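What the sequence shown shows, in this note's numbering, is residues 63 to 239, in sequence order. Ideal Cβ positions, reconstructed from N, Cα and C, are used throughout, including at glycine. As the structure is a prediction and not an experimental result, all values here were calculated from the model. Below is one structure, written out as structure tokens; the observations come after it.
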Amino acid sequence: MVIHKDVEKILISNEEIAKRCKELGNELSNYYKNEVPITVGLLKGSVPFMAELVKNIAIDVEMDFMDVSSYSGTESTEVKIIKDLECPIKDRSVLIVEDVIDTGKTLKTVKELLYTKGAKEVKIVCLLDKPARREVDISADWTGFVIPDEFVIGFGLDYNQKYRNLPYVGVIKKSAI
Ligand code: IMP
Ligand code: MG
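This is the structure in structure tokens:
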């Protein structure tokens with residue numbers, strides 16, 4: 063496979079992601095076997111992960127998306143709702159699908175917001191977790207991979223809106239920042 067010129071090294075290959083999404087899909091199918099959860103993807107970073115994950119969920123699920131902005135460049139900033147949900151979630155089980163938990167501010171805010179809208183239960187599944195960067199008390203209920211404190215791109219993750227389409231998760235070259 064040809065590695066993008068701005069990628070220093072591949073951290074997680076497409077094959078590893080596919081394998082992990084199968085495992086997560088099995089766990090989620092088992093956890094939600096008695097109900098139809100609403101998976102809520104946070105745009106835009108969750109899109110490739112959401113697509114890979116739902117293909118491996120064997121029960122019925124509904125899908126919705128929210129767009130919240132919490133990032134500019136390489137440092138977290140404030141959380142702002144840009145696109146809200148379309149489905150009512152009152153008394154429903156909601157599964158937030160996110161690319162990465164970094165400081166945790168985004169997920170903490172979104173989780174609280176979904177409870178305010180009347181969700182019965184809000185769980186989180188994250189492709190990546192960077193525990194070293196956490197600033198607020200939040201954790202994912204299911205995690206794909208725990209990664210070190212490095213700025214990563216690919217499989218949904220961007221740097222200035224680029225690289226989301228890379229089929230792997232990689233570390234960006236210093237020269238590309
Ligand atoms: P948090 O609120 O600090 O947890 O930020 C989470 C958001 O920051 C994620 O949804 C990503 O959009 C972005 N983010 C955090 N770390 C990275 C990274 O290494 N690469 C690209 N985006 C990141
Ligand atoms: Mg994001």
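- Setting aside the 5 residues that flank it on each side, P110 is surrounded in the same chain by F217, G218, each with a C-beta closer than 6 Å to its C-beta; the list follows chain order.
- Inter-residue distance for L176 and I151 is about 8 Å (C-alpha atoms, whole angstroms).
- By the neighbour-count criterion, in which 16 or more other beta carbons inside 10 Å mark a residue as buried, M112 falls on the buried side.
- Under the DSSP assignment, T168 falls outside any beta strand (DSSP E), being part of the alpha helix (DSSP H) whose first and last residues are 167–178.
- Pairwise C-beta distances place the segment 68–80 out of contact with the segment 153–171, as fewer than three of them are shorter than 8 Å.
- The beta carbon of V98 sits closer than 7 Å to the beta carbons of D122, V123, E124 from its chain, once the five residues preceding and following it are set aside; these are given in chain order.
- Beta-bridge analysis with DSSP links L219 to G216.
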